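Okay, so here's the structure we're looking at.
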Amino acid sequence: MMLVLTISLVLFTCAIFVALYRIIVGPSMPDRVVALDMIGVNLISLVAVFSIVLHTHAYLEVILIVGILAFISTVGIARFIERGEIVEHEHDD
Amino acid sequence: MSNSLVFFMVIPIVVGIILIFFRESPKLQSWASIGVVTALFGLGLYLLQEVRTQGILRLDFGGWEPPFGILFVADTFSLLLILTTLLVTIICLLYVALSPRDRMINYYFYPLVLFLNAGIIGSYLTGDIFNLFVCFEVMLLSSYVLITLGGNRIQLREAMKYVTINIVSSWFFLVGIAFLYGSVGTLNMAHIAQRVAESGSDPLLTVVSIVFLTVFSLKAGLLLYVWLPGSYSSTPTVTSALFGALLTKVGVYALFRVFTLIFNEGTLLPTFIAIMAGLTLIGGSLGAVAYTDIRKIAAYNVVIAVGFMLAGLSIGNTLAIEGTIFYILHDMFAKALLFLLIGTMIFLTNKVHIHEMSGLLKNYPTLGWTFFIVVLSLAGIPPFSGFMGKLLVIEGALENGSYVLLALAIASSLAVLYSLLRIFSQCFWGETIISAEEQRPLPVMRLLPLVVLAGITLALGLGVEVVAPYVQAAASLLDPSTYINAVLGGT
Amino acid sequence: MKINDVILKTVVKGVVLIILTFSIYLFLSGHHTPGGGFIGGLVMASAFVLLFLTYDVETVSEGIPISFKKMSAVGVLISVSSATAPIFWGEPFLSQNFGYFDLPIFGKTELATVTIFEAGIALTVVGVVVNIILSISEGSNKWKA
Amino acid sequence: MSTMIEWFSVVLILLGSIMAVISAFGILRLPDVYTRSHAATKSSTLAVLLSLSGAFIFFWANEGFISVRLLLGIIFVFITAPVAGHIITRAAYRSKVKLADSSGEDALKPFLEKRSEHH
Amino acid sequence: MLLFYILFPLFVALGITIVSSKIRREFLGWIAFSVPVVLFALFARHIPTISSSEAIRTTFSWIPSYGIDLTFLLDGLSLIFVLLITGVGALVILYSIYYLSSKDSFAHFYTYLLLFMTAMLGVVLSDNIIVLYVFWEFTSISSFLLIAFWFHRKNSRNGAIKSLLITMSGGFTMLAGFLMLHVMTDSFSLRVILAELPQLTDHTLFYPAMALLLIGAFTKSAQFPFHIWLPDAMEAPTPVSAYLHSATMVKAGIYLIARFTPGFGGDVYWFWVITCVGLVTLFWGSFNAVRQNDLKALLAFSTISQLGLIMTLLGIGSAGINPAIGEAKGLYTFALFTALFHLVNHSTFKGSLFMVVGIVDHQVGTRDLRRLGGLMRFLPFTFLLAMIGSFAMAGLPFFNGFLSKEMFLTAVLSIGDLPIYGGAQVGWLLVLVAWLASVFTFVYSMILVFRTFTGRPIVDEEYKVPQEASLGMLIPPGILGVLAIGLFFFPNLLSDYLLKPAVEVLVEDGAALAPKIYAWHGFNTELFLTLGIITLGIVAYLLLRKWRPYYQYIPSNWTFNTLFRSTLSGYERLGERVTMRYMNGNLPSYFLYIFSFFIIVMWTTWWIVGPINVTFDSPSSMTVYEGLLAVVMAAAAIAILFAHSRLTAILLNGVLGFSIAIFFVFFRAPDLALTQLVIEAVTTILFLVCFNYLPEWKVEKLSITKKVRNGLIAIAGGLTVTIVGLAVNNYTKFESISSFYENSYELAGGRNIVNAILGDFRAFDTMLEGLVLFIAGIGVFTLIRMRQKKGAEPRENQ
Amino acid sequence: MESIIIVLVGILTSVAIYLLLSKNLIRIILGTAILSHAVHLLILTMGGLKSGTVPLLGENAERYIDALPQALILTAIVISFAVTAFILVLAYRVYQEYGTDRMDELRGSNDEQ
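Going down the list, the protein sequences come from chains A, B, C, D, E and F. Everything in the first sequence is counted per this note's numbering, starting at 28 for the first residue and increasing by one. Everything in the second sequence is counted per this note's numbering, starting at 146 for the first residue and increasing by one. Everything in the third sequence is counted per this note's numbering, starting at 956 for the first residue and increasing by one. Everything in the fourth sequence is counted per this note's numbering, starting at 5 for the first residue and increasing by one. Everything in the fifth sequence is counted per this note's numbering, starting at 3 for the first residue and increasing by one. Everything in the sixth sequence is counted per this note's numbering, starting at 107 for the first residue and increasing by one.
Here's what the structure looks like:
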């Protein structure tokens, strides 16, 4: 069982690496954001597996947090790419 | 166990926060803050007597025995510094309250000064090295905001440098704490001292102490004073006065505390400090004549003073330490006065360069004579407050045979004298160029804080005997066992 | 350019609710599991940030009429006063108490004064983080005008 | 019994990780941001769902511990991942990131142009 | 009682400042005048007591903690000085009432003058050397104010600053000397120090203390090469010059040396240094006086010269203290006695001469010799006074200067007979110098009186016809002139009552050994020398036009004046150049200094304290993914350096933050992981929000050398941290205190130890941290809200 | 593991110092951010990395990991966040006033008011 878990850990890590490659190489900004988002998602899985490996519940919060933050960051960066100004002061219309 | 120790920090914080809600009533803000600081000053006097009769006071927060909790420790040295800090603050606040209203008052000036005070006093009192870092940050954050307060674009530029350099110094501090914790496994300063002593001055700990030397040198402006002149000379009068009087002293205090209590063995560190103090004296003396901007001249005088104090530390015998304590107390008042005076001069003439002003003595005699007093006081000329400190430090240097430092100290006094006399002779003497119509009025109330400070520096010079017992008690810094016993010797 | 954000806006409403619940959970459970005032506050703040990202400042402030600056001030006040309170009954500054009580519904529950302290911290964190982001966005408007 | 379920959960996790690798492959190989985003959102979402469910089941089976947080996490990721993908792609389009040459024509473009004329 | 004497002028001065606006200005003068008169009378009352070699002492406590007490001692030596201070002071004040013009501020003038008087009295009466120093500096300050009395004149200001800088430097060195004495004897009391000093000649600090002390005295007494401040100080109003530079301030140095003679006197260096410096000053002063065209400058150099003379005498006389001197002791006591005698004489004639010059200046409007002449006709009384003064100065018979000059020559001649110091070889040279100096003295004295008062009157149209000065201005110099003559005829009166008690203070049995003064010694060497002086002097004066132009061949920029000026300007230039160079306002340079400092000091310390134990041993093992993560972090960090857009950089920074969060997960720190994640996200958002207002970054164009330099510093910095970190990691001598916190459930009711620490054990940190966050919030708010109003003056709202 | 992390800390520090030595405002700010990352890791390492279990009591462990550094880091993280927020805004205000983000153009001269 441990072996399988370790394999999946490694696989997730590989995925993260690939995403990292995307972040560094680009070429466009959205590419990077996509990759970042993917890192977030993979991280969630990674932490989940890790909790099993360590036999602890201590990291279950981390999972949700990563999810939340990945989402917020993605929204934020997307906004930035789209408009430059990410928090608007007045109504759009 | 004395809960009142924490009032020094809690009361300014609470009042500061409450004042945030009264942004629109500057009168209330000013008098409330002055009232609070004055009350704390009274408390400080009371505690000073307590310390005198009962020895070092301490307060374990949450009742956790050291070394596990955080605690405040008040010895005479820290209380003296606190009292001086409070007094200087009172006067600076009075200066603001009695001046025409400034826009920055509306931007939380008073709360920030109170927070600044809380941070400074916390640094003087805390007995925990990490808490020292946190108190530093309280002080620094307040100073970051204060330094930008005033709406002058130069302030922003200099603040940028000030903030980044301080971030780096805070980083060094954390690195130091990490190393220290990694090696001795504790954070309580007395406990650290005990363990460091046990380790028998391991080379590693000496190396770690260098990190702290870097940190506090940055904060105190010892050799690494590059951030100081620019930032101190760009801020509004009262901010410069507060900074010039109070901020570097916290670094000096930390150097004193750490290098008398914890890393007090061996000759290497005193040698380093001595070299750095010497270079600081030289650099400050060179800088003090390099500029025609009176604010810069004053700022480099701060540098010289720091060099002098640390020269005292590096000499390190009782006489020198006592002298340095005298000198620190003196310097806080005198520097506040100097910066207030310079700010007032700029306010009156709207000029900052010495060759643009002339003959102010005729227009504003009291201002001129107060300036003269501060010149003498800073140059260490009797009977003003700078004399006793200088005297004792020089004597300490003689006893120790530190002749180079002695010569530098004397030469730097001359540099102080010359650089400030240049201002006096150019700006206050000479033909009066401001005509009676152009002359800006200088109300008596505005001069009052200055005169009070001048009075203090004279009184401190003449009344050395009143302060002397406390200073002598404060010099027990040299015997760390008192401190360690007071902290770790049970409740 | 007008941007139609219907999908985002709709989803965010739900998501923010989840985040807020989660943040309160984090705050309350901090004493025994990871979490506590700071993290709870930060997560709550991030919920607000998400709101600001999706909607605009005015809409949000109409919906949540809170002055975040005052909120942070109140937060610090709460934490400092809860720290100071023990002084009045003769205990050292910052003494925290905790006890176990049998409450009607919850059964045996631990109540600790530290919760008040942490609540102050959480409020501070939320107030400050939101306040910073609001200040900046406000600044931009003035500048551009 | 519980070992069975445990093994089941572990297999779920393994599947998830394989999905993750597949999506990573997509990220690596697909030609433009739009297709990459497709790979990232769709299959990663699946990957995370699988692995989280695996973990959830594992804890349930192993310790009898029903983790609300994990459940919340699953729901959260499930809701947000597509939206995130959506807004990134839109941002990419609005900031005029080129489509891959192999994509054929840009179907949205004429429509948008028309609309902007309209305004 | 003495304390009150000393403080009396101070109180009156303060009173004058307070009431100055309400009282007529002349009246202020009379009030001030009353002070020295009263004091003179009070001190004079003590003459009988003192002349019987008793001393009057009072003590008040000031800073007993450091052994600094206000002990004052009136003995024979002090008495001469206090009488001079108060006596001449009275005359000067009287004179000044008539001298000052209506534009001058009487209140300031008399305040300064009385302050100065206090200071001088303090100097000569203090027994505690620190108190002495206090008053010593006080004289510098008050004279500074007096010299710059007309501070709207540039020359006055410069003169004042010059005198202050020189005397203060002397003062500071003297303080160091005093403190050395304290270290040696553990006492601040003069009497104790003087008593112990002769036994301490082997102490390492003995000669340093002596040297520093001498520097202090020489600067104050305008001895070569510190004399340069005195001519510039002549910018002061004439009464001030008359007071400060004839009778009081410059005599403070003399006093100090006389005072310390019993302590240091027996030493050979003391003897030669003072004697030689005195002689050089004597010669240099008189030599330069001749070339001056300004009457006051002439007097200034003559003062320098005369002070040199007194100094020489003190130097010679100091040999008398040496116990090995034996038989010859009387000879040297004679020199000391002469020094004191000439001191008094000099005060009389120089004081009167200054006042005379003041009258000329006041009545004619110029002091320039080239524009003066024939004033005898207009100012007959002044001429008379000038003649008395000058002849006394020149050492002509029937004036007191003659007596002391003769005795001086005797003393100088005796150097050759010196039994112990080996003066025989150079004795003749010293005599020659002294003799030449006397010739010059004669010449400038003649210039002073005859160039001014005889010859063709040069009265331009722009000058009014000069009139004789008012009586008030004539009386004070008149009194001094009468004294100058009176002392010639009755010198022993002075000697018995004042000089002998003073000598007794300096040398044991001094009073008994002191000579009786005779005007006529018979035809001895001294008389021939004097005759030579007069003859040669007259010839030289008559041929003045022939040889005086040769002065211009002395290069003018070789003087100490130039040295002083160039030192100051060099200091300013150096300061500017150095400071502007390294304080360039460029933040990266500042970081360069800081990190270089850190690295250098760290490595130096290593080098000194010896090796620290660095190994790569780690208590815990490493797993593959941890290793991978570390590689990821390193890669991301390095990639930031090469990022072409700021967004990439921020994302990479985000990667760093998230990776750290994962490390926190690996390293069993769930709370940290949570916080780090949220903070990282919020920070990234903050960056993005702010990026809207910041420009895209450009690729840095740095020269290769700078890149390499920065890179080296960066690598060295990282390396330093790594090495110390590794060493600390290996250092396991102490257990951490943290096992205590594992009881957190019992102690603080929390199972989460980290949270228990934050909320309970170290809640104070947490509280302050909240405050820090709060302040930052306020800061951001004010930064954005508070902006400079357009068009407002930069520093309007102070 | 510890030594690897310490080396990593060293690398981060080097990168940060290099960034601090550059002229661009944002680079400098990024430098400070990386510095704080580095020191957080360092503090954690100093307490020992995997010497026990997660510091939550009731995890039935023999030994818990040193919790004190974690608490310190938490404080440090929050403080560095506060400072970063402030300096970012400061940077943007500086840019707004001076129109440049290069520190060498923000030196200031002797004769300004």
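For every residue, glycine included, the Cβ atom is placed at its ideal position computed from N, Cα and C. The model shown is predicted, which means the values in this text are computed figures rather than measured ones.
Run through the DSSP bridge pairs and tell me what Tyr112 of chain E is partnered with. According to DSSP, which records beta bridges pairwise, Tyr112 of chain E is partnered with nothing at all.
In chain order, what residues of the same chain lie with their CB nearer than 6 Å to the CB of Phe1003 of chain C, ignoring the 5 residues before and after it? Val1085
Cβ of Gly158 of chain F within 7 Å of Cβ of Tyr170 of chain F? yes
Quick one: give me the first and last residue of the alpha helix (DSSP H) that Asp476 of chain B is part of. Thr463 to Thr494
Check whether the Cβ of Val329 of chain B lies closer than 7 Å to any Cβ atom in chain F. no
Nearest to Gly367 of chain E by alpha carbon, out of E:Gln469, E:Thr340 and E:Ala516? E:Gln469
Listed by chain order, chain D residues near Phe982 of chain C by CB distance under 7 Å: Per Cβ cutoff of 7 Å: no residues; Phe982 of chain C is ~14 Å from chain D at best.
Does DSSP put Ser191 of chain E in a helix, in a strand, or in coil? strand
In whole angstroms, give me the CA-to-CA distance for Lys1099 of chain C and Met170 of chain E. No answer about Lys1099 of chain C holds up, because its pLDDT of 42 lies below 50 and its placement is not dependable.
Alpha-carbon spacing of Ser99 of chain D relative to Thr359 of chain B, whole angstroms: 48 Å
Within a Cβ cutoff of 8 Å, which residues of the same chain sit near Leu192 of chain B, ignoring the five residues on either side of it in sequence? Ser147, Ser149, Leu150, Leu202, Ala219 and Leu224
Among E:Asp419, E:Ile739, E:Leu482 and E:Thr175, nearest to Glu329 of chain E - alpha-carbon criterion: E:Asp419
Chain E within 7 Å of Val200 of chain F, Cβ atoms only: no
Cβ distance (whole Å) where Gly322 of chain E is taken to contact Leu342 of chain E below 8 Å: In fact, because the Cβ distance is near 13 Å, the residues do not count as touching under 8 Å.
On the three-state DSSP scale, how would you describe Pro796 of chain E? The pLDDT assigned to Pro796 of chain E is 42, lower than 50, so where the model puts this residue is not dependable, and the model offers no usable value.
N- and C-terminal bounds of the alpha helix (DSSP H) containing Val52 of chain A: Met29 to Val52
Three-state secondary structure (DSSP) of Ser13 of chain D: helix
Taking only beta-carbon atoms, is Tyr472 of chain B less than 7 Å away from chain F? no
Secondary structure at Leu155 of chain F, three-state DSSP: helix, strand or coil? coil
Step through the CB atoms of chain F and report whether any lies within less than 7 Å of the CB of Ala85 of chain A. yes
Does the beta-carbon of Lys957 of chain C have 16 or more other beta-carbons within 10 angstroms, so that it is buried, or is it exposed? Only weak support exists for where Lys957 of chain C lies, its pLDDT of 49 falling under 50; the value from the coordinates is given anyway. Per the 10 Å Cβ criterion, exposed.
Leaving out five residues on either side along the sequence, give the residues of the same chain with a beta carbon under 7 Å from the beta carbon of Leu533 of chain E. none
Since I believe Phe83 of chain E is in contact with Val136 of chain E (beta carbons under 8 Å), could you give me their beta-carbon distance rounded to a whole number of angstroms? The pair is not a contact, with the Cβ atoms about 17 Å apart (cut-off 8 Å).
Indicate the three-state DSSP secondary structure (helix, strand or coil) for Ala758 of chain E in the structure shown. helix
Applying the 10 Å Cβ sphere with the 16-neighbour rule, what's the burial state of Asn1 of chain E? Summary: the structure shown does not reach residue 1 of chain E, with chain E confined to residues 3 through 800, and so no result is reported for it.
Please name the residues in the stretch 762–773 of chain E whose beta-carbon is closer than 9 Å to at least one beta-carbon of chain C, in chain order. Asp762, Ala765, Phe766, Thr768, Met769, Glu771, Gly772 and Leu773
Which same chain residues end up closer than 8 Å to Glu88 of chain A when comparing Cβ atoms and leaving out the 5 residues on each side of it in sequence? none
Apply the 10 Å Cβ neighbour rule to Tyr257 of chain E and answer buried if 16 or more other Cβ atoms are within range, or exposed otherwise. buried
Start and end residues, alpha helix (DSSP H) containing Phe343 of chain E: Lys331 to Val366
With a threshold of 7 Å on Cβ separation, who are the neighbours of Ile756 of chain E within its own chain once the five nearest residues in sequence on each side are excluded? Note that residue 756 of chain E corresponds to Val in the displayed sequence, not to Ile. These residues qualify, in order along the chain: Asp673.
Report yes if the C-beta distance between Leu125 of chain F and Gly116 of chain F is below 7 Å; otherwise report no. no
Below 8 Å on C-beta distance, what does Asn731 of chain E contact in chain B? Gly327
So which of E:Gly179, E:Thr335, E:Val292 and E:Gly17 has the shortest CA-CA distance to Pro503 of chain E? E:Thr335
Name the residues in the stretch 296–309 of chain B whose C-beta lies less than 9 Å from a C-beta of chain F; which are they? Asn297, Arg298, Ile299, Leu301, Arg302, Glu303, Ala304, Met305, Lys306, Val308 and Thr309
Check whether chain F comes within 7 Å of Ile1087 of chain C, counting only Cβ atoms and requiring the distance to be less than that. yes
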